[in-house]
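What follows is a short report on a single structure.
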Amino acid sequence: MLFRVDGTRQREISMRWMRAVVAAAWVAGLCGCGPSMSTLDALAQRGRLDRNAPVSVQLETSMAAPPAKVWTLLVNAAKWPGWHGAVTAVQVDGVLAQGTRFQWKTRGTTVQSQVQLCVPGKRLAWTGRAYTAKAIHVWELLPTPSGQTVVIVRESMDGLLMARMVSRQQLLDADTEWLSDLKRAAEQ
């Protein structure tokens with residue numbers, strides 16, 4: 069019957085197919101499935117977030133430390149667990165640089181990441197995946213005339229049901245903690 073080619077049956081199958089495609093697209097939009105990793109990688113390579121992500125944050129703070137010290141803490145990912153309590157393990161070869169792939173564990177979740185942008189001493193951006201979550205994490209360091217550093221951190225998260233699983237406040241709290249821990253370590 070599916071292979072019958074009479075006009076009525078063919079239209080009926082076509083209409084069912086179209087309804088299924090529209091329903092799937094609608095559900096995907098509600099779930100926050102978002103763009104592909106290659107799209108997110110391209111955004112991160114320009115230091116940008118996904119503007120349409122269901123969850124995103126931006127924070128900024130000033131640190132009484134030179135940019136070089138802050139930068140060293142950020143790119144030495146293997147040492148993150150020593151100063152950032154939420155990260156319990158990191159697997160990486162060397163320091164973070166353009167194209168570096170690394171795996172890290174935060175709050176019991178293993179994240180697979182890749183550095184997409186590395187401007188030494190100034191900008192660092194990576195994309196990451198964990199379960200259905202897809203994220204872009206961007207760090208920017210701005211020197212001040214007094215020798216301090218303004219650190220801006222931005223993050224966006226996409227993925228299946230992401231808006232239902234991680235609230236903006238949860239991401240804000242997590243990045244606030246990371247920034248606070250970085251500040252404490254940099255100012256020691």
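In my numbering, each residue's number is its place in the sequence shown (first place is 1) plus 68. Quick reminder that beta carbons are idealized off the backbone N, C-alpha and C, glycines included. None of these values were measured; they are calculated from a predicted model.
Beta-carbon within less than 6 Å of residue 145's beta-carbon, same chain only, minus the 5 sequence neighbours each way: which residues are those? 158, 160, 164, 170
Three-state secondary structure assigned by DSSP to residue 248: helix
Just to confirm, are residue 140 and residue 219 a CB contact at a threshold of 7 Å? no
C-alpha distance - residue 238 paired with residue 246, whole-angstrom precision: 12 Å
How would you write the range of the alpha helix (DSSP H) that residue 135 sits in, first residue to last? 135-143
Have a look at residue 252 and residue 174 and give me their C-alpha separation to the nearest angstrom. 19 Å
What would DSSP say about residue 202, mapped onto helix, strand or coil? Under the three-state reduction of DSSP output, residue 202 falls in the strand class.
Taking 6 Å as the line, does the beta carbon of residue 245 fall inside it for any heavy atom of the ligand MG? Here there are no bound small molecules, and the ligand MG is not part of this structure.
Is the beta carbon of residue 228 closer than 7 Å to that of residue 217? no
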